[in-house]
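Remarks on the structure that follows.
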Amino acid sequence: MDNKKRRIGVFIAAMLAISVFVALSMSGTVYADPGTIYYVNAATGNDSYTPAQAQNPSTPWKTITHAVNTVPAGSPADPNIIYVAAGTYDNTTNGEIFPITFNNPYVKLIGDGNTTTTIDGEGVATILDINATGITVEGFNITNATNGIESDDVGGFTILNNLFCDVSDGVHLDISETDLATDYTVDDILIEGNTFNISNYGVYLDIELDYNDTLTGFTVTIGDIDILDNLFNMGTTDGIYIDDIYVGDLNGGSISMGDVNIAGNEFYGGSTGIDFYGYFGDLTDTTVAVGDVVINDNIFENQTSEAMYIDYYDAGYWYGTTTGTFGDMVINDNEITSAEPWCDGIYVSDYAYWFDFEDDASLTVGNLYIKGNEINVSGGGIDVYYEYAYGLEDDTSVTMGEVSIKDNIIDASYGIYLEYYDFGEDMYGNSEVTTGDVHIEGNDIDTDYVSIYIYYDYVAYYMEDDATLLMGDIYVEDNDICGDGDGIYLEYYDEDVGYEMYDDAYAELPDYVITGNTFDVTGGGIDLYTYEIPYDVYDNATFDFGGFFIDDNTFSCIYGIFFDYDDFCYGNSNNSATIIGDITVTNNRFYDLDWEAIVICYDDIGYYMYDYSTLDVGDLAITDNLIDNASFGIAVVPYYVYSDYD
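As numbered in the numbering used here, residues 636 to 1281 make up the sequence shown, in order.
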């Protein structure tokens, strides 16, 4: 019996020794396994407690500052956790030292709730500074500072269910690197469920990575950016401002950019709800893979400039074998209302800003979807701005996907604008630009001015050698068009479409299919305006203007269809070829028109052509239309149709 007692005593002593060893070890550099919870309480805590003691809620630390400085790195699967009790955490009350800086990765800072747990910066520049990846900040009222949460080093953070008050920027990321000579990674960013009461930007993101182009072979990885289910109460600026996602001067490397997903947010007031821009430039022998941009299910109210201004990723100065693949852009099911004067709804700017490609550089771009949005604004409803497919040389190419603008409800001054500017300009060698079809379908449009406006300027402009521009067809189908202006206005701006094409350059502009629409407007139903296009096409260059199929539409307006081919095919020479496609107008209904139902005017076409240049005008068929009450029914007017001078 005595031996048994002695054995038990020895075992207890050994266990006490082990416990003392563990406690001593936890006061050193290794405190605990990943996934450990540490506690902070401003009212009952003491920063003199050991890390082991701080794992017990009855012996917490006093300050978040001490906890963040002390808790070691966790792991991606098991981050360490700092749990902060309800209370106010500031310098005056409990001695916080700002900025509170995260230097150890994979740490979660979790408050008791954003109505009960306050971090008050008392006017400092920054409250929380993130310098390590894998940081989570959740459940706080973050108040009284210039920046609530800031990082100028890394991404890879998660910001959840916080309340930002009396701050200029809620979340501010500003990574700017120059002359890089190493691989670089920005991990995934998630900002979800927060409320931003801000005077500047709710979320500001700027990632600029500029490489030393004398070095080669580096890899850039930027993860997904998800901004979900947040509430933005803005002052006079923007809710989400993605100032720049930029990678430049990369030689022989690769770029991987994740998806950008902005969904389920609410934006009230301010200048612009979402402002986005990206650019990948000065690349040689580089592979570029870019994910989708998705903006779905958001609510925008009373912005003064735009609900969203999307300056899509630019691509410029690509050389060698640089190859890019960009994903889809999806803008669906948003609710946009503003009583502010001249606020626009959806503005997609520089959708095609691809420029100065040389050698074998190529870019393939996904589809653009704008569907199911409800837009009630005083400015423009939807504007898609193709600008600057420009300066392509050698064997370069750009291939763009389809555009679908469908099932939107638009009440605005202007409805849907599709603008091509500097598109297919300054193209040389065997370069090629190809676009997919455009579908404008099933929209309900009520406007003060033009409902659907398609504009071309500096398109197929200065093309030479074997350069090729191939534009997909445009389908305008089953739209309900109502307003005080024109229904569809197609403008090819003076002299600037098909200008100075020569050698074997080839441009094919869209055919139009316009079917099943209802026009109840005070202006014209469908207008086509051209003047002196194409202009000065020579050698063996070919310009194909495209044709029209107009079927099963209902017109109640001042006049129905007015096409004006004015000074068409001007100054062309030397075996050049110009083509006007077939025009078919059939099975349409025209009611109570003040002026003409259908006018097709060929005014001075084939003007000043010489040296075996040709103009091929397709068939014109106007059949089976119903015209009920118009000042004039159908007029086909050939004013001065010229023939070849030589």
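Where is the CB? At the ideal position from N, CA and C, for every residue including glycine. What you are looking at is a predicted structure, and each value in this text was computed from that prediction instead of being measured.
### Query
Helix, strand or coil: how does DSSP classify THR700 here?
Here residue 700 corresponds to residue number 65 of the sequence shown, with the count starting at 1. Here DSSP, grouped into helix, strand and coil, assigns THR700 to helix.
### Task
Closer than 7 Å by C-beta to THR728: which residues in its own chain qualify, once you throw out the five before and the five after it? Chain order, please.
Position 93 of the sequence shown, counting from 1, holds the residue named residue 728. So the qualifying residues of the chain are ALA677.
### Query
Going by alpha carbons, who is nearest to ILE1269 out of LEU1261, ALA1256, GLY1241 and VAL1234?
Mapped onto the sequence shown, residue 1269 falls at position 634. The shortest C-alpha separation from ILE1269 is found at VAL1234.
### Query
Which residues bound the beta strand (DSSP E) around THR1258?
Numbered from its first residue, the sequence shown carries residue 1258 at position 623. 1255 to 1258 is the span of the beta strand (DSSP E), which, as asked, contains THR1258.
### Message
Does ALA987 come out as helix, strand or coil in the three-state DSSP assignment?
### Response
By 1-based counting over the sequence shown, the position of residue 987 is 352. In the structure shown, ALA987 falls within a coil segment according to DSSP collapsed to helix, strand and coil.
### Task
Give the straight-line distance between the Cα atoms of GLU1167 and ASP1146, rounded to the nearest whole angstrom.
If you number the sequence shown from 1, residue 1167 lands on position 532. If you number the sequence shown from 1, residue 1146 lands on position 511. Straight-line Cα distance between these residues: approximately 19 Å.
### Message
The alpha helix (DSSP H) that contains THR728, what's its start and end?
### Response
Numbered from 1 along the sequence shown, position 93 holds the residue referred to as residue 728. In the DSSP assignment, THR728 falls within the unbroken alpha helix (DSSP H) covering 726 to 729.
### Task
Tell me whether the beta-carbon of VAL923 lies closer than 9 Å to the beta-carbon of ALA950.
As a working note, residue 923 is residue 288 in the sequence shown. As a working note, residue 950 is residue 315 in the sequence shown. In contact: VAL923 and ALA950 (Cβ atoms closer than 9 Å).
### Task
Quick one: which unbroken beta strand (DSSP E) runs of 3-plus residues sit fully inside the segment 1002 to 1029? Chain order, please.
For the segment 1002 to 1029, the full-length beta strand (DSSP E) segments reaching 3 residues or more read 1003 to 1006, 1009 to 1011 and 1015 to 1027 along the chain.
#### Entry: ALA689 classed as buried or exposed, judged by whether at least 16 other C-beta atoms fall within 10 angstroms
Within the sequence shown, the letter at position 54 stands for residue 689. When all chains shown are included, ALA689 counts as buried.
### Query
Taking DSSP as the reference, what is the three-state secondary structure of THR705?
Counting from one through the sequence shown, the residue named residue 705 turns up at place 70. Residue state, collapsed to three classes: helix.
### Task
Indicate the three-state DSSP secondary structure (helix, strand or coil) for ALA1095 in the structure shown.
Numbered from its first residue, the sequence shown carries residue 1095 at position 460. Of the three classes helix, strand and coil, the one that applies to ALA1095 here is strand, per DSSP.
### Task
Could you spell out the range, first to last residue, of the beta strand (DSSP E) harbouring ASN779?
Position 144 of the sequence shown, counting from 1, holds the residue named residue 779. Here the beta strand (DSSP E) through ASN779 covers 776 to 786.
### Coarse secondary structure for ALA689, derived from DSSP in three states
Counting from one through the sequence shown, the residue named residue 689 turns up at place 54. ALA689: helix per DSSP, three-state reduction.
### Task
To the nearest angstrom, report how far apart ASN1210 and LEU1144 are at their CA atoms.
Taking the sequence shown and counting its residues from 1, the one referred to as residue 1210 is at position 575. Taking the sequence shown and counting its residues from 1, the one referred to as residue 1144 is at position 509. Straight-line Cα distance between these residues: approximately 20 Å.
### Message
Once the 5 residues before and after PHE1267 are set aside, which same chain residues still bring their CB inside 6 Å of it?
### Response
If you number the sequence shown from 1, residue 1267 lands on position 632. Same-chain partners within the cutoff: GLU1231.
### Task
Identify whether TYR1237 lies in helix, strand or coil by the three-state DSSP scheme.
Residue 1237 sits at position 602 when you count from the first residue of the sequence shown. It is a strand residue.
#### Entry: For GLY746, the three-state DSSP class (helix, strand or coil)
For this step, residue 746 is matched to residue 111 along the sequence shown. The answer is strand: DSSP assigns GLY746 an E or B state.
#### Entry: Assigned exposure category for SER662 - 16 Cβ within 10 Å defines buried
Translated into positions along the sequence shown, residue 662 becomes position 27. With a pLDDT of only 33 at SER662, under 50, the local geometry of the prediction cannot be trusted, and the value read off the model is given with reservation. Label assigned to SER662: exposed.
### Task
Confirm, please, whether the CB-CB distance from ALA712 to ASP747 is below 9 Å.
Reading the sequence shown from its first residue, position 112 is the one you call residue 747. Reading the sequence shown from its first residue, position 77 is the one you call residue 712. No, they are not a contact pair.
### ALA1265 classed as buried or exposed, judged by whether at least 16 other C-beta atoms fall within 10 angstroms
Position 630 of the sequence shown, counted from the first residue, corresponds to residue 1265. Under a 10 Å Cβ-count criterion, ALA1265 is classified as buried, with 16 or more other Cβ atoms of the shown protein chains found around its own Cβ.
### Any beta strand (DSSP E) of 3 or more consecutive residues that is wholly inside the segment 884 to 957
Qualifying beta strand (DSSP E) stretches, in chain order: 889 to 892, 895 to 898, 901 to 903, 907 to 919, 922 to 925, 928 to 931, 934 to 936 and 941 to 954.
### Query
What is the rounded straight-line gap between the Cα of VAL1094 and the Cα of VAL1085?
Sequence index remark: in the sequence shown, residue 1094 carries index 459 (1-based). Sequence index remark: in the sequence shown, residue 1085 carries index 450 (1-based). Inter-residue distance for VAL1094 and VAL1085 is about 22 Å (C-alpha atoms, whole angstroms).
### Message
For TYR1205 and TYR1124, I'd like the C-alpha separation in whole angstroms.
### Response
Locating residue 1205 in the sequence shown gives position 570, counting from the first residue. Locating residue 1124 in the sequence shown gives position 489, counting from the first residue. The C-alpha of TYR1124 is placed about 22 Å away from the C-alpha of TYR1205.
### Query
Residue range of the beta strand (DSSP E) that THR1177 falls in?
The residue given as residue 1177 occupies position 542 in the sequence shown. In the DSSP assignment, THR1177 falls within the unbroken beta strand (DSSP E) covering 1177 to 1179.
### Chain-order list of residues whose beta-carbon lies under 7 Å from that of ASP1199 (same chain, five-residue window excluded)
Within the sequence shown, residue 1199 is the residue found at index 564, counting from 1. If the five residues before and after ASP1199 are omitted, its C-beta is found closer than 7 Å to the C-beta atoms of LEU1163, TYR1164, THR1165, CYS1236 and ASP1238, all from its own chain and listed in chain order.
#### Entry: Which of helix, strand or coil DSSP assigns to VAL1085
By 1-based counting over the sequence shown, the position of residue 1085 is 450. Assigned with DSSP and collapsed to three states, VAL1085 falls in coil, not helix or strand.
#### Entry: Straight-line gap, ASP1171 to GLU1130 (C-alpha atoms, nearest Å)
If you number the sequence shown from 1, residue 1171 lands on position 536. If you number the sequence shown from 1, residue 1130 lands on position 495. Between ASP1171 and GLU1130, the C-alpha separation is close to 9 Å.
### Message
Here's a check: name, in chain order, each residue in its chain whose Cβ is nearer than 6 Å to the Cβ of TYR1173, leaving out the five neighbours to either side.
### Response
To locate residue 1173, count along the sequence shown from 1; it is residue 538. Excluding positions up to five away in sequence, the list reads TYR1137, SER1208, ASN1209 and SER1211.
### Task
Determine the contact status of GLY585 and LEU795, defining contact as a CB-CB distance below 9 Å.
Any answer about residue 585 is impossible in this case: the structure gives the chain only from 636 up to 1281.
### Task
Determine the extent of the beta strand (DSSP E) in which GLY1195 is found, giving its start and end residues.
Your numbering for residue 1195 matches position 560 in the sequence shown. Note, GLY1195: beta strand (DSSP E), 1194 to 1201.
#### Entry: Whole-angstrom distance between ASN835 and ASP822, CA atom to CA atom
Sequence index remark: in the sequence shown, residue 822 carries index 187 (1-based). Sequence index remark: in the sequence shown, residue 835 carries index 200 (1-based). Near 25 Å, if we compare the C-alpha coordinates of ASN835 and ASP822.
### Nearest candidate by alpha-carbon position, reference PHE1154, set ILE862, ASP1079 and HIS1074
Along the sequence shown, one-based indexing puts residue 1154 at 519. Of ILE862, ASP1079 and HIS1074, the residue nearest in Cα terms is ASP1079.
### Task
Mark TRP989 as exposed unless 16 or more other C-beta atoms lie within 10 angstroms of its C-beta, in which case mark it buried.
Taking the first residue of the sequence shown as 1, we reach residue 989 at position 354. Burial call: buried.
### Buried or exposed (CB count within 10 angstroms, at least 16 for buried), ASP814
Taking the sequence shown and counting its residues from 1, one reaches residue 814 at position 179. By the 16-neighbour rule on beta-carbons within 10 angstroms, ASP814 is exposed.
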